[in-house]
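Here's the structure, in structure tokens; my notes come after.
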Amino acid sequence: MAKNIALVEKFGSNPNRAFELLAQEAKRIDNANGIKTNALTDGIRRATTMYDVFANREMGHGIEALNSFGVAYRAWNVSTMLGSALLASLSDIAPMIKLARMHNLSVAKLMGNLIGEMNPFNPKDRELSFSMGIAVDEITSSLGRFAAEDLTSVYDRASQVARVSNTAASTIMRASLLNAWTRATKAAWSKTLMNKYANLPKEKKWGQLDAKDQSFLKAVGLDERTWEVMGLAEPMKDGSGNPLMTTQSILNIPDDQLKHLGDPVEVKNQAVKKYFSHVLDEQGMAVIEAGLRERTRLYGKTHGGEILGFFGRGMMQFKSFPVTFLMRHGTRALRDGAFSPTPFTYMIPLAMGMSAMGALSLQLGEIANGNNPLTMWDDDDPDVALSFMTKAMMKGGGMTLLGDIVAAGADTSGRDGRDFLLGPMGGDMVKLAQLTSGTANQLLNGKDVTSKTNQMYMLAKSKIPGQNLWYTKTAMNRLMFDDLQNIIAPDYQRKYKRKMQKQGRSQWWESGEGLDGLNPIDFEGVVK
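For the sequence shown, the UniProt record's numbering assigns the number 1 to the initial residue and increments by one for each residue that follows.
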């Protein structure tokens with residue numbers, strides 16, 4: 001319903017016909033401006049695809065039962081695989097800082113706002129963020145970042161099984177604090193940007209801005225008239241007394257101050273749309289989450305009830321972040337051309353920042369898994385530092401898709417590049433095929449099936465919601481799952497420890513030994 005209302009407001013009573021006319025007019029103008037036919041055709045096709053998906057036009061719906069099963073499966077993956085996603089999300093801080101510096105924002109103020117938003121004893125900051133509309137989609141944002149867009153609308157159309165899976169996914173994302181982190185990062189960034197615009201339009205008229213600043217503001221959606229309107233608005237203040245330029249600030253401007261610009265109501269509405277769209281657009285650059293542009297690039301016009309859409313969504317699950325990162329930041333980095341200095345000056349500091357946060361995330365992940373932190377530096381072996389830096393870059397997302405592929409090949413848990421390429425659904429299908437065919441052959445040949453039984457156990461364990469929650473998974477493994485594994489495969493823990501020793505890794509809570517395996521975390525081994 002909300003989409004239909006938005007389409008009517010934007011395109012009129014016949015949105016489809018209005019869009020077709022606009023597309024034809026855009027094609028005529030571009031032809032007149034000498035734009036190449038291939039680029040013109042590709043642009044119109046992309047715009048049409050995005051409109052069709054948004055308006056649900058000319059899209060097949062396939063088999064609803066297949067779509068419901070796909071929704072249930074992907075939601076279940078969220079509940080079983082993303083319990084520790086918060087630790088990986090720490091790399092969000094790097095693009096937030098990068099965008100803050102681009103906008104000449106105070107990084108210290110940004111971090112202060114983030115701490116305030118995360119403070120459980122300070123509900124006023126969160127209430128203000130909700131009232132301003134910059135953090136109202138806490139659940140859907142987190143699901144949109146790490147899952148798929150259709151998980152958030154499952155209550156409208158999916159089966160009871162899909163609803164149960166979606167409930168499990170939402171519960172785990174709340175329990176892991178991922179929802180709270182996503183909401184806090186978005187709110188903190190937006191409030192910091194709104195604080196800038198509370199003062200700058202009053203201090204500097206549009207003509208007083210240098211050409212570079214004017215060009216940047218126009219590129220992000222703010223023009224001279226909007227700037228003038230913002231300069232007349234009276235900012236509101238947050239709980240700490242910081243002024244914020246909100247949409248209500250613009251709407252509260254007295255009409256008589258805007259008559260020289262036209263109809264005051266229309267002027268204020270246009271300014272609100274441009275300003276708030278700019279805030280949300282920059283928020284989406286600072287805190288990466290897939291939007292319509294990225295989803296249509298991944299899935300096209302396919303539907304989850306079609307064979308192609310079903311398998312495509314299953315295999316591409318959890319891959320929206322690197323794709324969105326490349327599309328958004330890559331586009332901005334190339335704004336001055338591929339051979340200009342901008343791609344290097346933009347992407348290299350961003351990649352370095354994400355790698356630095358990836359190092360922190362990597363070490364916290366090791367501790368959460370019951371392992372001691374990895375060695376970052378060894379005077380006797382320079383390869384140790386290089387190996388750690390590579391892992392940090394891959395963990396933080398500084399290498400985007402390439403990093404994910406390399407990380408899968410170097411993963412100590414046994415994943416390989418195939419797991420990345422096939423995604424969760426493809427990986428599960430391969431594992432089930434190997435287990436069923438391999439176990440049958442071993443039974444027929446009278447061979448020991450202990451290893452296959454252990455693989456079945458590990459696959460079943462990996463599908464339990466919440467089993468990898470970052471603050472409980474080591475305790476659950478040592479006090480419950482390790483005992484079960486010792487019964488199924490008595491030699492597994494010994495082989496696993498031997499493998500860790502070969503990799504130069506150790507545990508602060510020894511696997512298979514219960515409470516007797518508890519030891520202090522070894523931080524001294526980080527630097528040797």
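Note that beta-carbon positions come from the ideal geometry of N, C-alpha and C, so glycine has one too.
Segment contact flag, the region 474-490 with the region 373-383, C-beta cutoff 8 Å, min 3 pairs:
With a cut-off of 8 Å, the region 373-383 and the region 474-490 do not count as touching, because too few Cβ pairs lie within range.
Look at Ser68 and Ala6 and say whether their C-beta atoms are less than 7 Å apart.
Taking 7 Å as the Cβ cut-off, Ser68 and Ala6 do not qualify as a contacting pair.
Check whether the region 237-249 touches the region 179-197, taking contact to mean three or more Cβ pairs, one atom from each stretch, closer than 8 Å.
At 8 Å Cβ cutoff, the stretches touch.
Would a C-beta distance cut-off of 7 Å place Tyr457 and Ile488 closer than the cut-off?
The beta carbons of Tyr457 and Ile488 sit closer together than 7 Å.
Looking at Pro424: is its Cβ nearer than 7 Å to the Cβ of Gln317?
In this structure, Pro424 sits near Gln317, with a CB-CB distance shorter than 7 Å.
Would you list, in sequence order, the uninterrupted alpha helix (DSSP H) runs of no fewer than 4 residues that lie entirely inside the region 14-97?
Unbroken alpha helix (DSSP H) stretches of 4 residues or longer found wholly inside the region 14-97: 15-32, 37-55, 64-81 and 85-88, given in chain order.
Okay, do the region 86-106 and the region 346-360 touch, 3+ Cβ pairs below 8 Å being the bar?
Segments in contact, yes.
What residue from Ala180, Ser176, Glu266 and Glu9 has the CA that sits closest to Ile115's CA?
Selection Ala180, Ser176, Glu266 and Glu9 evaluated against Ile115 yields Ala180 as nearest (Cα-Cα).
As a quick exercise: from Lys528, Val526, Glu513 and Trp509, pick the residue whose alpha carbon is nearest that of Pro520.
Relative to Pro520, the option among Lys528, Val526, Glu513 and Trp509 whose CA is nearest is Trp509.
For Lys499, count neighbouring Cβ atoms within 10 angstroms of its own Cβ and tell me buried if that reaches 16, exposed if not.
Label assigned to Lys499: exposed.
Beta-carbon proximity list for Lys268, same chain, < 8 Å, skipping 5 on both sides:
Cβ within range, chain order: Val229, Ile250, Leu251, Ile253 and Leu258.
Here's the rule I'm using: 16 or more other beta-carbon atoms within 10 Å means buried, otherwise exposed. How should Lys10 be labelled?
Answer is exposed; the Cβ neighbour count stays below 16.
Work out the CA separation of Lys463 and Lys452 for me, nearest whole Å.
Roughly 17 Å separates the two Cα atoms.
With the cut-off set at 7 Å, would you say Ala184 and Val78 are in Cβ contact?
Result no, Cβ atoms of Ala184 and Val78 do not sit closer than 7 Å.
Which same chain residues end up closer than 7 Å to His260 when comparing Cβ atoms and leaving out the 5 residues on each side of it in sequence?
Excluding residues within five positions, none has a Cβ falling inside 7 Å.
Say whether the region 204-224 touches the region 311-329, bearing in mind that this needs 3 or more beta-carbon pairs closer than 8 Å, one atom from each stretch.
Flag = no, the region 204-224 and the region 311-329 do not touch.
With a 10 Å radius around its C-beta and 16 neighbouring C-beta atoms as the bar for buried, classify Thr436 as buried or exposed.
Burial is judged here by how many other beta carbons sit within 10 angstroms of a residue's own beta carbon; Thr436 has fewer than 16 and is exposed.
In angstroms with no decimal places, state the Cα-to-Cα distance between Lys36 and Gly304.
Taking C-alpha positions only, Lys36 is separated from Gly304 by approximately 35 Å.
Can you round the beta-carbon distance between Asp238 and Asp379 to whole angstroms, since I take them to be within the 8 Å contact cut?
Between Asp379 and Asp238 the Cβ distance is about 49 Å, and since that is not below 8 Å, they are no contact.
Could you pull out every residue in the same chain whose Cβ sits closer than 6 Å to the Cβ of Lys98, ignoring the five residues on either side in sequence?
These residues qualify, in order along the chain: Leu350.
Any beta carbon of chain D sitting closer than 7 Å to that of Gln257?
Here there is only one protein chain, and chain D is not present.
Ignoring anything shorter than 3 residues or poking outside the region 453-505, list the beta strand (DSSP E) runs there in chain order.
Entirely contained in the region 453-505, not one beta strand (DSSP E) run reaches 3 residues.
With a 10 Å radius around its C-beta and 16 neighbouring C-beta atoms as the bar for buried, classify Arg46 as buried or exposed.
Under this definition Arg46 is an exposed residue.
Tell me the rounded alpha-carbon separation between Ser165 and Thr80.
Going from the Cα of Ser165 to the Cα of Thr80 covers about 10 Å.
If we ignore side chains and look at the alpha-carbon of each, how far apart do Leu263 and Asp255 end up?
According to the sequence displayed, residue 263 carries Asp and not Leu. Going by C-alpha positions, Asp263 is about 9 Å away from Asp255.
Just to check, is the beta-carbon of Gly358 closer than 6 Å to a non-hydrogen atom of the ligand SAH?
The ligand SAH is not part of the structure shown, which contains no ligands of any sort.
Do Leu422 and Met327 have their C-beta atoms within less than 7 Å of each other?
It is not a contact, given that the beta carbons lie outside the stated cut-off.
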